[in-house]
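**Q**
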Amino acid sequence: MDPGLNPGMTPKKKMNNIVSFLRRQESRKFWIQNIKNFNMQTRDIAAIIFTNDRGEVLLQKKDMSFKRWPGRWCFFGGGLMENENPEEALKREIKEEMGYDLVNAELFTVYEYADADRQGRMYVYTAKYDKPISSISIGEGAGFAFFAKEEIEGLSIIDHDLIILKKFLDKIWNSWI
């Protein structure tokens, strides 16, 4: 059954049905390959996972008025501008969002994502945040906080950020054992 070809459905409803259908598929690659058939916006993103000395992760909470994922937790970062590489974009975004001059970040992973209306690559970096949390001057979002691994489960985190975060936490926690 094709989930998007029901006559009488609005284009938005068709797209929502197709996205729901594709999300249920076994393979994330299958979903990404098939979702690319639509005229979706492509936007690459640079983001960072900050940790402190206790292994906690710093996350940002989106404003309730934010169009995409209101009130959800996510990494700090944002979209690449034209002629900007991921590292340049990350430094710019961190300065805008936190008032912090990022110096040493290490690329952790490049993740292909696809949402209902957007797809692209997500360049995710890691770095230690060794300043007091009070030094952050929030430029975007409703707030921020450090979270321990066991606190992550109860948070409403943007889907692709959660996938990457679990991969990251598994890596660092397994390396400490």
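Sequential numbering from 1 applies to the sequence shown in the UniProt record's numbering.
Backbone N, C-alpha and C define an ideal beta-carbon position, used for all residues, glycine too.
Give the secondary structure of residue 95 by DSSP, where H, G and I count as helix, E and B as strand, and everything else as coil.
**A** On the sequence shown, residue 95 is found 95 positions in, with the first residue counted as 1. Residue 95 falls in the helix class under three-state DSSP.
**Q** Does residue 96 pass the burial test, meaning 16 or more other C-beta atoms within 10 Å, or should it be called exposed?
**A** Your numbering for residue 96 matches position 96 in the sequence shown. Per the 10 Å Cβ criterion, exposed.
**Q** Considering Cα atoms alone, identify which of 110, 63, 171 and 103 is closest to residue 47.
**A** The residue you call residue 47 lines up with position 47 of the sequence shown. Measuring from the Cα of residue 47, the nearest candidate turns out to be 110.
**Q** Measuring CB atoms only, is the stretch 121-136 touching the stretch 49-58, in the sense that at least three cross pairs come out at less than 8 Å?
**A** Yes, the stretch 121-136 touches the stretch 49-58.
**Q** What ranges does the beta strand (DSSP E) occupy inside the stretch 105-134, keeping only unbroken runs of at least 3 residues that lie completely in it?
**A** Here the runs fully enclosed are 106-114 and 118-128.
**Q** Measure how close the beta-carbons of residue 76 and residue 98 come, nearest whole angstrom, since I'm counting them as under 8 Å.
**A** Stepping through the sequence shown from its first residue, residue 76 is reached at position 76. Stepping through the sequence shown from its first residue, residue 98 is reached at position 98. Going by Cβ atoms, the distance from residue 76 to residue 98 rounds to 6 Å, so yes, they are a contact pair.
**Q** Could you give the DSSP three-state label for residue 168: helix, strand or coil?
**A** In the sequence shown, the residue the question calls residue 168 occupies position 168. Correct three-state label for residue 168: helix.
**Q** Give me the Cα-Cα distance between residue 128 and residue 146, rounded to the nearest whole angstrom.
**A** Numbered from 1 along the sequence shown, position 128 holds the residue referred to as residue 128. Numbered from 1 along the sequence shown, position 146 holds the residue referred to as residue 146. Each residue's Cα considered, the two are about 12 Å apart.
**Q** Opposite residue 10 in the DSSP bridges: which residues?
**A** For the purposes of this step, residue 10 is identified with residue 10 of the sequence shown, where counting begins at 1. In the DSSP output, where bridge partners are listed per residue, residue 10 has none listed.
**Q** Hey, how far is the Cα of residue 73 from the Cα of residue 107?
**A** One-based indexing of the sequence shown puts residue 73 at position 73. One-based indexing of the sequence shown puts residue 107 at position 107. Between residue 73 and residue 107, the C-alpha separation is close to 21 Å.
**Q** So, residue 43 versus residue 71, is the Cβ gap smaller than 9 Å?
**A** As a position in the sequence shown, residue 43 is number 43, starting the count at 1. As a position in the sequence shown, residue 71 is number 71, starting the count at 1. No. Outside cutoff.
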